[in-house]
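Report on the structure given below.
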Amino acid sequence: MPSSNAVEPGTRLVDRYRLEESLGQAGGTTYWRAHDELLDRPVGICLLRDDSRRAGQVLRAARRVAAVTDPRFLRVLDASQVDGVVYVVNEWIQAETLADSLADGPLPPARARSLVAEVAAALGSAHQEGLAHLCLQPEHVLCTNQGQVKVAGLAVDAAVRGLEVPDAAQAAERDTRGCGEILYAALTARWPGEQPSGLDPAPYDGAELCSPRQVRAGVPDDLDALTCRALGSRSRRGSPLLRPEALAEALAAAHVTTRIPTVSDDGPGGADETSFVAAYEDQARRRSVATVLAFVAVALVLVVGLGLAGWQLLHAVSGGSSGNTSGTGGHGGTQTGTSPAKPYTVSQVTTIDPGANGDGEENTYLAGRAVDGNPGTVWTTKDYQDQFGTGYKNGVGLVLDLGRSRPVREVRVTVAGPTGVDLGVSDQGGPARSDYRTVADGTGSSTITLRPTSAASGRYVLVWLRSLPQVGGSYRGTVSEVQVLG
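The sequence shown begins at 32 in the numbering used here and counts up by one.
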């Protein structure tokens with residue numbers, strides 16, 4: 032067997048692996064696509080001379096990675112030393128690297144969130160087995176046509192490069208930063224890492240790395256904050272993240288709108304993103320059903336209790352008479368009036384950001400927080416330098432889908448700070464403000480109650496913010512809860 036620098040296509044390794052195509056080299060190591068003739072399958076092979084000072088380290092790392100069972104890592108199938116060469120054999124999959132995916136631009140925020148959550152969770156499991164990556168780059172993150180995420184180069188690529196850290200805590204911090212760099216790249220298609228990548232480098236503002244939101248409009252605020260925290264920067268929302276599993280938990284815990292467009296199963300990221308969003312849809316439905324059931328239970332208790340008390344009072348006044356106790360007799364005849372308004376369950380919620388000056392995406396990923404029954408979670412607009420109506424935009428809003436056309440008697444909107452709100456209804460919905468008939472309006476700083484002056488109904492309810500409170504040097508709207516009653 033010749034040295035790793037002298038091999039050529041057609042060379043056979045240990046009478047089993049036939050080298051077919053050189054994939055490049057780095058630091059005396061060459062990478063090949065090969066064919067396993069024994070099992071008739073393609074494989075990837077890493078070769079380096081056994082007299083390299085890193086050969087032993089690479090071999091030990093590969094043998095440890097071979098025992099890893101997490102399917103999110105590219106498997107090591109074989110690793111040994113023969114004829115002056117150390118070789119590592121990896122599984123070969125049909126997939127696109129993240130670097131290739133980003134050649135056409137950044138990923139949608141929801142896809143970036145779910146992909147990096149997978150990578151971070153995988154690295155968290157590797158750390159539990161005493162393994163680390165230490166040199167994560169977009170080229171190491173693979174996405175199959177079925178949406179499966181694979182991480183290549185666990186421990187082995189660090190050994191090839193001679194990268195080491197003194198303890199497990201620093202290894203975890205290094206890999207968390209690596210995940211933050213991957214998230215930054217996924218959101219901006221720019222690379223903030225020190226090691227070179229096929230992506231353009233991230234921009235700096237003086238000595239400070241620009242945040243994702245400074246590079247690309249429309250990056251969700253929480254993803255921007257999590258990226259900065261993973262990169263080791265102190266954020267206005269928390270201290271630096273130091274473990275990959277902490278980043279994975281933070282990404283998975285964030286609310287996701289129930290109206291993210293479905294990705295086809297045969298497209299990159301289809302299965303993962305669909306399941307990720309479906310999990311949150313399921314949680315939202317359970318919360319909504321639980322809330323309705325709680326209201327029903329309380330109402331039943333009150334009705335039964337009041338009915339029993341009324342019967343006892345009437346029985347006492349009449350001296351225990353068994354005569355007619357119907358509500359139609361006695362003082363003033365039958366009671367008239369409408370029944371109390373009851374809250375509807377919202378099946379879907381999204382945002383509306385129409386017109387030439389809107390990009391159609393107003394922190395949509397946070398929209399579900401406005402109907403989750405938890406006042407502690409909020410939907411916020413983006414920050415604006417001018418008040419609506421005086422600048423380049425007239426407003427933005429939330430669209431609530433009630434599932435079918437329903438009468439709308441009252442809508443309660445809980446806001447933070449002086450906010451002007453219009454209430455619209457429609458049976459068809461739509462992306463434009465004019466698609467909704469305005470039936471009420473109001474202004475307030477906490478809970479704004481909107482009641483149509485005449486009968487109103489529709490499947491879609493628009494909560495349109497026409498003015499926002501000033502927060503610092505900009506304007507930003509905040510909605511913690513919306514309740515539609517009929």
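For each residue, glycine too, the CB sits at the ideal point set by N, CA and C.
| said: Within a Cβ cutoff of 7 Å, which residues of the same chain sit near alanine 463, ignoring the five residues on either side of it in sequence? | reply: Position 432 of the sequence shown holds residue 463. Result list for alanine 463: Pro385, in chain order.
| Closest by CA to alanine 203, which one among Trp222, Ala152 and Pro223? | On the sequence shown, residue 203 is found 172 positions in, with the first residue counted as 1. Among Trp222, Ala152 and Pro223, the Cα nearest to that of alanine 203 is on Ala152.
| message | Using the Cβ count rule (16 or more neighbours within 10 Å means buried), how would you classify proline 232? | response | Walking along the sequence shown from the start, residue 232 turns up at place 201. That one is exposed.
| field | Whole-angstrom distance between glycine 517 and serine 357, CA atom to CA atom | value | To locate residue 357, count along the sequence shown from 1; it is residue 326. To locate residue 517, count along the sequence shown from 1; it is residue 486. Bear in mind that the predicted position of serine 357 carries a pLDDT of just 29, short of 50, making it unreliable; the figure below should be weighed with that in mind. Between serine 357 and glycine 517, the C-alpha separation is close to 29 Å.
| message | Mapping the DSSP letters down to three states, classify isoleucine 124 as helix, strand or coil. | response | As a working mapping, residue 124 is identified with position 93 in the sequence shown. If DSSP states are grouped into helix, strand and coil, isoleucine 124 belongs with coil.
| field | For alanine 471, three-class secondary structure by DSSP | value | Locating residue 471 in the sequence shown gives position 440, counting from the first residue. Alanine 471: strand per DSSP, three-state reduction.
| task | Output the distance between the C-alpha atoms of valine 439 and arginine 482, rounded to the nearest integer angstrom. | result | What you label residue 439 is simply residue 408 of the sequence shown in a count that begins at 1. What you label residue 482 is simply residue 451 of the sequence shown in a count that begins at 1. Their Cα atoms are separated by approximately 8 Å.
| message | Looking only at its chain, what residues have a beta carbon closer than 6 Å to the beta carbon of serine 457, apart from the 5 residues adjacent to it on each side? | response | For the purposes of this step, residue 457 is identified with residue 426 of the sequence shown, where counting begins at 1. Here the set comprises Asp466, Tyr467, Gly489 and Tyr491.
| Within 7 Å, strictly: CB atoms of proline 73 and leucine 254 | Here residue 73 refers to the residue found at position 42 when the sequence shown is read from its first residue. Here residue 254 refers to the residue found at position 223 when the sequence shown is read from its first residue. No; because the gap between Cβ atoms is not below 7 Å, this pair is not in contact.
| message | Spatial neighbours of glycine 407 within its chain, please: C-beta separation below 8 Å, excluding the five flanking residues on both sides. | response | Here residue 407 is taken as the residue at index 376 of the sequence shown, counted from 1. Excluding sequence neighbours, glycine 407 sits near Ser511.
| Does the stretch 468–477 come within contact of the stretch 441–456, defined as at least 3 CB pairs closer than 8 Å? | yes
| message | Assuming serine 488 is part of the alpha helix (DSSP H), what are its boundary residues? | response | The residue labelled residue 488 in the question sits at position 457 within the sequence shown. Run containing serine 488: none in the alpha helix (DSSP H); it sits in the beta strand (DSSP E), 488–498.
| field | threonine 593 - DSSP class collapsed to helix/strand/coil | value | Limits of the chain in this structure are 32 at one end and 517 at the other, which puts residue 593 out of reach.
| query | Going along the chain, which residues of its own chain have a beta-carbon closer than 7 Å to the beta-carbon of aspartate 46, five neighbours each way excluded? | reply | Along the sequence shown, one-based indexing puts residue 46 at 15. Setting aside the 5 residues that flank it on each side, aspartate 46 has no residue in the same chain whose C-beta is closer than 7 Å to its C-beta.
| said: Taking contact to mean 3 or more Cβ pairs, one atom from each stretch, closer than 8 Å, check whether the stretch 177–192 and the stretch 241–261 are in contact. | reply: No, they do not touch.
| For valine 117, which residues from the same chain have a beta carbon less than 7 Å from its beta carbon, with the 5 sequence-adjacent residues on both sides left out? | The count along the sequence shown starts at 1 and reaches residue 117 at position 86. Cβ within range, chain order: Leu79, Asp81, Ala86, Val89 and Leu90.
| From tryptophan 410 to glycine 508, what does the alpha carbon distance come to, in whole angstroms? | The residue labelled residue 410 in the question sits at position 379 within the sequence shown. The residue labelled residue 508 in the question sits at position 477 within the sequence shown. About 8 Å.
| message | Rounded to the nearest angstrom, what separates leucine 499 and asparagine 394 at their Cα positions? | response | As a position in the sequence shown, residue 499 is number 468, starting the count at 1. As a position in the sequence shown, residue 394 is number 363, starting the count at 1. For leucine 499 and asparagine 394, the distance between alpha carbons rounds to 15 Å.
| message | By DSSP's criteria, leucine 17 is part of a beta bridge. Which residues make up the other side? | response | As displayed, the chain neither begins before 32 nor continues past 517, which places residue 17 out of reach and without an answer.
| request: Enumerate in chain order the residues of its own chain whose CB-to-CB distance from threonine 480 is below 6 Å, with the five nearest sequence positions on each side excluded. | output: Against the sequence shown, residue 480 aligns to sequence position 449. For threonine 480, where only same-chain residues beyond five positions count, the Cβ hits under 6 Å are Arg443.
| message | Which of the three DSSP states is assigned to cysteine 174 in this structure? | response | As a first step, residue 174 must be located in the sequence shown, where it is residue number 143. Reduced to three states, the DSSP call for cysteine 174 is strand.
| task | Kindly indicate the opening and closing residues of the alpha helix (DSSP H) around cysteine 23. | result | With the chain covering 32 to 517 only, the question about residue 23 has no answer from this structure.
| Inter-residue Cα distance where the pair is cysteine 210 and glycine 136 | By 1-based counting over the sequence shown, the position of residue 210 is 179. By 1-based counting over the sequence shown, the position of residue 136 is 105. Approximately 19 Å between the Cα atoms of the pair.
| field | Neighbour-count burial assignment, serine 228, 16 or more Cβ in a 10 Å radius | value | Start at 1 with the first residue of the sequence shown, and residue 228 comes out as number 197. Classification for serine 228: buried.
| field | Beta bridge counterpart(s) of glutamine 501 as assigned by DSSP | value | As a position in the sequence shown, residue 501 is number 470, starting the count at 1. Paired residues: Tyr506.
| Where leucine 230 falls: helix, strand or coil (DSSP) | Translated into the one-based positions of the sequence shown, residue 230 becomes position 199. Residue state, collapsed to three classes: coil.
| task | Whole angstroms is fine: what's the gap from leucine 165's alpha carbon to asparagine 121's? | result | Locating residue 165 in the sequence shown gives position 134, where the first residue counts as 1. Locating residue 121 in the sequence shown gives position 90, where the first residue counts as 1. Roughly 19 Å between the two C-alpha positions.
| Alpha-carbon to alpha-carbon, glycine 504 and valine 196 | For the purposes of this step, residue 196 is taken as residue 165 along the sequence shown, with counting starting at 1. For the purposes of this step, residue 504 is taken as residue 473 along the sequence shown, with counting starting at 1. Going by the C-alpha atoms only, they are around 43 Å apart.
| query | Under a three-way DSSP split, which group does aspartate 403 fall into? | reply | The sequence position of residue 403 within the sequence shown is 372, counting from 1. In the structure shown, aspartate 403 sits in coil (DSSP, three-state: anything other than H, G, I, E or B).
| message | So glutamate 212 and leucine 262 are supposed to be a Cβ contact under 8 Å. How far apart are they, rounded? | response | Numbered from its first residue, the sequence shown carries residue 212 at position 181. Numbered from its first residue, the sequence shown carries residue 262 at position 231. Right, their Cβ atoms sit about 7 Å apart.
| request: Report the partner residues of proline 483 according to the DSSP bridge assignment. | output: Here residue 483 corresponds to residue number 452 of the sequence shown, with the count starting at 1. Beta-bridge pairing links proline 483 to no other residue.
| request: Specify the secondary structure class of threonine 445 as computed by DSSP and reduced to three states. | output: If you number the sequence shown from 1, residue 445 lands on position 414. Three-state result, threonine 445: strand.
| query | Helix, strand or coil: which one does DSSP assign to alanine 148? | reply | The residue labelled residue 148 in the question sits at position 117 within the sequence shown. Note: alanine 148 maps to helix in three-state DSSP.
| query | Who does histidine 66 pair with in a DSSP beta bridge? | reply | Within the sequence shown, numbered from 1, the residue matching residue 66 stands at position 35. Bridge partners of histidine 66: Arg49 and Pro73.
| query | What three-state label does DSSP hand threonine 258 in the structure shown? | reply | Residue 258 sits at position 227 when you count from the first residue of the sequence shown. Of the three classes helix, strand and coil, the one that applies to threonine 258 here is helix, per DSSP.
| said: Let's test the definition: count the other Cβ atoms within 10 Å of the Cβ of arginine 435 and tell me whether it reaches 16, buried, or not, exposed. | reply: Counting from one through the sequence shown, the residue named residue 435 turns up at place 404. With fewer than 16 other Cβ atoms within 10 Å, it is exposed.
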